Amino acid sequence: MNDFEVKLLTQNSLQELQAFIDLFNDFFQLCEGKKGSAAGILTACPPTKDIQQDKFVLGFYQKEHLLGLIDLIANYPQNSTWTIGYLLIHPSYQRQGLGAQFFHVLEQAISPNKMRCVVQEQNERAFKFWQTLGFKMVYQREDNLGKWLTRLLF
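Numbering (full-length UniProt numbering), first residue to last: 1 to 154.
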């Protein structure tokens, strides 16, 4: 299934995005200890970055159906490194290779830049997924929720 379209999600997409995020309540409870927020995903940005120029939430659509999203920050924490915050695939389409396809579209678009992502230790499926894409563990630290964050670099 590679007949998808990539769209930049914005505040105009808030209602659709929140309905999509609501499908992942278990994930957000596991990793963040709270309900997922579309507004939070659209606006989460390090203070040193310009949200208008450096923050991207990309939706992957088949026809008008949102299949998945990738949230990322350009040139963070340093130039030539893009940080992936979320990669979410609609539950009905998981385990069909879409996550890898979406990642490879992103990889081609930002080449030759490096990518990194943050995975919480308790999210074993995500950790294994990123490793299959070639990411390596860089370091671990405890986050403010008392959960272990693992930084992976590609």
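Backbone N, C-alpha and C define an ideal beta-carbon position, used for all residues, glycine too. Everything numeric in this text was worked out from a predicted model, so none of it was measured.
{"Asked": "With H, G and I counted as helix, E and B as strand and the rest as coil, what does DSSP make of Gly99?", "Found": "helix"}
{"Asked": "Would you mind sorting Gly134 into buried or exposed? The rule is 16 or more other CB atoms within 10 Å of its CB.", "Found": "exposed"}
{"Asked": "What did DSSP end up calling Phe154 once you bin it into helix, strand or coil?", "Found": "Note that Phe154 scores 41 on pLDDT, short of 50, meaning its location in the model is unreliable; the coordinates nonetheless yield the value given after this. Looking at Phe154 - three-state DSSP - the assignment turns out to be coil, as it is neither helix nor strand."}
{"Asked": "Name the one or two DSSP bridge partners that Tyr76 has.", "Found": "DSSP lists no partner for Tyr76."}
{"Asked": "So for Arg141, helix, strand or coil by DSSP?", "Found": "strand"}
{"Asked": "Note down the Cα distance separating Met115 from Ala74, rounded to an integer number of angstroms.", "Found": "9 angstroms"}
{"Asked": "Looking only at C-alpha atoms, which of Thr10, Phe27, Gln52 and Val105 sits nearest to Glu124?", "Found": "Phe27"}
{"Asked": "Would the beta-carbon of Leu88 fall within 8 angstroms of that of Phe56?", "Found": "no"}
{"Asked": "Excluding the five sequence neighbours on either side, which residues of its own chain have a C-beta within less than 6 angstroms of the C-beta of Asp71, listed in chain order?", "Found": "Ile41, Val57, Gly85 and Tyr86"}
{"Asked": "Which whole runs of the alpha helix (DSSP H) in the region 85-134 are 4 residues long or more, in chain order?", "Found": "98-110 and 124-132"}
{"Asked": "Please name the residue, chosen from Leu67, Gln53 and Gln52, that lies closest to Gly59 on a Cα-to-Cα basis.", "Found": "Leu67"}
{"Asked": "Going by the CB atoms, is the gap between Tyr93 and Thr83 shorter than 8 angstroms?", "Found": "no"}
{"Asked": "With distances taken from CA atoms, which of Ala126, Ala39 and Pro112 is nearest Glu16?", "Found": "Ala39"}
{"Asked": "Classify Glu5 as helix, strand or coil using the three-state DSSP reduction.", "Found": "strand"}
{"Asked": "What first and last residue would you give for the alpha helix (DSSP H) that runs through Gly40?", "Found": "Ala38 to Thr43"}
{"Asked": "Go ahead and pull the three-state DSSP assignment for residue 172.", "Found": "Nothing can be reported for residue 172: it is not among the residues displayed for the chain, which extend from 1 to 154."}
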